[in-house]
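Okay, so the sequence shown: first residue is 1 according to UniProt numbering, each after it adds one. Even for Gly, the Cβ is constructed at its ideal location relative to N, Cα and C.
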Amino acid sequence: MYLYVGIKKKKKKKKEKKKKKKKKKKKKKKKKKKKKKKKEKKAVPREVDLTSTASPNWTLPLPRTVSPVLPEARRLNEAKLFALSLIELPSS
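Printed below as a string of C-alpha cells:
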C-alpha cells in the first residue's frame with residue numbers, strides 16, 4: 001500500500017507592516033481683527049423756520065454737539081404760536 005503524501009506548501013511569513021507616522025496638523029493662527037476708527041460726526045446747525053405753524057424746531061432731537069435754537073428765535077416762535085392760538089378760526 002502506498003500512502004499518498006501531498007507536497008507541503010511552505011507557509012508564507014506575514015510581513016510586518018510598518019506603522020505610518022501620523023502627520024501633525026498645523027494649528028491655524030487666528031487673524032486679529034482691525035479696530036475701525038470711529039468717524040467724528042460734524043455738528044449741523046439747525047435753521048428755525050419762523051413762517052411755519054408746525055411744531056418748533058427745538059422739539060426735535062438734537063445731536064449732542066449742537067446747542068439748542070437761539071433764545072431770541074425761540075421767543076419769537078413762541079409769541080407767534082401764542083398769537084395764532086388767540087385767533088379764532090371760523091367754525092364751519
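> Can you give the Cα-Cα distance for residue 25 and residue 16, rounded to whole angstroms?
Replying inline: Against the sequence shown, residue 25 aligns to sequence position 25. Against the sequence shown, residue 16 aligns to sequence position 16. Approximately 27 Å, taken between the alpha carbons.
> What span of residues does the alpha helix (DSSP H) with residue 43 cover, start to end?
Replying inline: Within the sequence shown, the letter at position 43 stands for residue 43. Careful: residue 43 lies outside any alpha helix (DSSP H) and carries neither H nor E.
> If you draw a straight line from the C-alpha of residue 35 to the C-alpha of residue 23, how long is it?
Replying inline: One-based indexing of the sequence shown puts residue 35 at position 35. One-based indexing of the sequence shown puts residue 23 at position 23. Going by the C-alpha atoms only, they are around 36 Å apart.
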